[in-house]
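**Q** Those letters in the sequence shown? Residues 0 to 209, by numbering that gives the first Met the number 0. Glycine included, C-beta positions come from ideal geometry on N, C-alpha and C. These figures come from a predicted structure and were not determined experimentally.
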Amino acid sequence: MSKVLQNKLQKQKALLDSAYELFTTIGFTKTTIRDIAHKAGVAKGTFYLYFNDKVEIRDALVRAKSSQLLQDACDAMDRELSDGSAAMDTADKFIYIIDYLIDYVSKDVNFLRFMSKHLSWGLFAGSHHTVQYHSDEDKAPVIDFVSYVGKMLEADYVKIRNPRLLIFTLLELVSSTCYDVILYSEPLPLEEFKPHLNRTIRLLVNDAIV
Numbered sequence: 000m001s002k003v004l005q006n007k008l009q010k011q012k013a014l015l016d017s018a019y020e021l022f023t024t025i026g027f028t029k030t031t032i033r034d035i036a037h038k039a040g041v042a043k044g045t046f047y048l049y050f051n052d053k054v055e056i057r058d059a060l061v062r063a064k065s066s067q068l069l070q071d072a073c074d075a076m077d078r079e080l081s082d083g084s085a086a087m088d089t090a091d092k093f094i095y096i097i098d099y100l101i102d103y104v105s106k107d108v109n110f111l112r113f114m115s116k117h118l119s120w121g122l123f124a125g126s127h128h129t130v131q132y133h134s135d136e137d138k139a140p141v142i143d144f145v146s147y148v149g150k151m152l153e154a155d156y157v158k159i160r161n162p163r164l165l166i167f168t169l170l171e172l173v174s175s176t177c178y179d180v181i182l183y184s185e186p187l188p189l190e191e192f193k194p195h196l197n198r199t200i201r202l203l204v205n206d207a208i209v
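1) Let me know the alpha helix (DSSP H) ranges lying completely inside the stretch 37-70, each 4 residues or longer, listed in chain order.
2) From this set, ASP102, SER17, ILE25, LYS116, which residue's C-alpha is nearest ASP179's C-alpha?
3) Check whether the Cβ atoms of ALA13 and ALA39 sit closer than 8 Å, and answer yes or no.
4) If we ignore side chains and look at the alpha-carbon of each, how far apart do LYS53 and ILE25 end up?
5) Quick one: what does DSSP say ILE25 is sitting in, helix, strand or coil?
6) Pick out whichever of LEU69, ASP34, VAL209, HIS37 has its Cα sitting closest to the Cα of SER146.
7) Touch check for the stretch 195-203 and the stretch 89-100: three-plus C-beta pairs under 8 Å?
8) Work out the CA separation of PHE167 and VAL209 for me, nearest whole Å.
9) Just to confirm the assignment, what range does the alpha helix (DSSP H) spanning ASP155 have?
10) Would you grab the beta carbon distance between ILE56 and ALA90 for me? Rounded to a whole angstrom, and I think it's under 8 Å.
11) With a threshold of 7 Å on Cβ separation, who are the neighbours of THR45 within its own chain once the five nearest residues in sequence on each side are excluded?
12) Under a Cβ-count criterion, where at least 16 other Cβ atoms within 10 Å of its own Cβ denotes burial, should LYS92 be classed as buried or exposed?
13) In or out: SER174 buried (at least 16 other Cβ within 10 Å) or exposed?
14) By the 10 Å Cβ neighbour count, where 16 or more other Cβ atoms means buried, how is ALA42 classified, buried or exposed?
15) Buried or exposed: where does SER81 fall if 16 or more other Cβ atoms within 10 Å of its Cβ makes it buried?
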């Protein structure tokens, strides 16, 4: 990687890091572009070399962080399966991934509020709107979650009607229902709600199998 490109990526990452910290502490509305640039240690004009406005940098963060979280969930399941101690059918695998996501966001309420029920945006990691961003520079590029699920289904010799739609539905179901459950324990505390959610996931997955 050339020094020019490396410097460019470092500035972009600094802007993303500072924006995320400000959005999750003082809030999106109160954060200004000047605040983001100042915290990142760059001139305000530099911000506009990378992003058009606050909305664009927020959307880039939502997509990047949801994509990374989906990857982390898949990595965790791969480790679980590789040691041979877990036997999972297709529905179990979806439930495992969803459970990982829920556990993560339940421990990071700022992240949950920031994502604002948009966990499914990680499905669009390949879109031209997405910034490939990682808080840890050593992490590998974000996976294509839909492709990952496709390979998972192939390994299980399972075919699903419109897998992309199923994945989108499951992620939207989780992010919308768990938002209120985690933040307000409504209509039930999380641990009481999980069995209901898991049964629903299993029904949706099994119904989609052809």
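**A** Straight from the coordinates:
1) Entirely contained in the stretch 37-70, the alpha helix (DSSP H) runs reaching 4 residues are, in chain order, 43-49.
2) For the residues ASP102, SER17, ILE25, LYS116, the minimum Cα distance to ASP179 belongs to LYS116.
3) Cβ atoms of ALA13 and ALA39: closer than 8 Å.
4) As the crow flies, the alpha-carbon of LYS53 is around 14 Å from that of ILE25.
5) When secondary structure is reduced to three states using DSSP, ILE25 falls in the coil class, being assigned neither helix nor strand.
6) Nearest C-alpha to SER146: LEU69.
7) The stretch 195-203, when compared against the stretch 89-100, does touch it at the 8 Å Cβ threshold.
8) Distance between the alpha carbons of VAL209 and PHE167: 18 Å.
9) Per DSSP, ASP155 belongs to no alpha helix (DSSP H) and is neither H nor E.
10) Actually they are not in contact, since the Cβ atoms of ILE56 and ALA90 sit about 37 Å apart, beyond 8 Å.
11) Correct list, in chain order: LYS10, ALA36.
12) Buried: at least 16 other Cβ atoms inside 10 Å.
13) With 16 or more Cβ atoms within 10 Å of its Cβ, SER174 is classed as buried.
14) The residue in question, ALA42, is exposed, as its Cβ has fewer than 16 Cβ neighbours within 10 Å.
15) Under this definition SER81 is an exposed residue.
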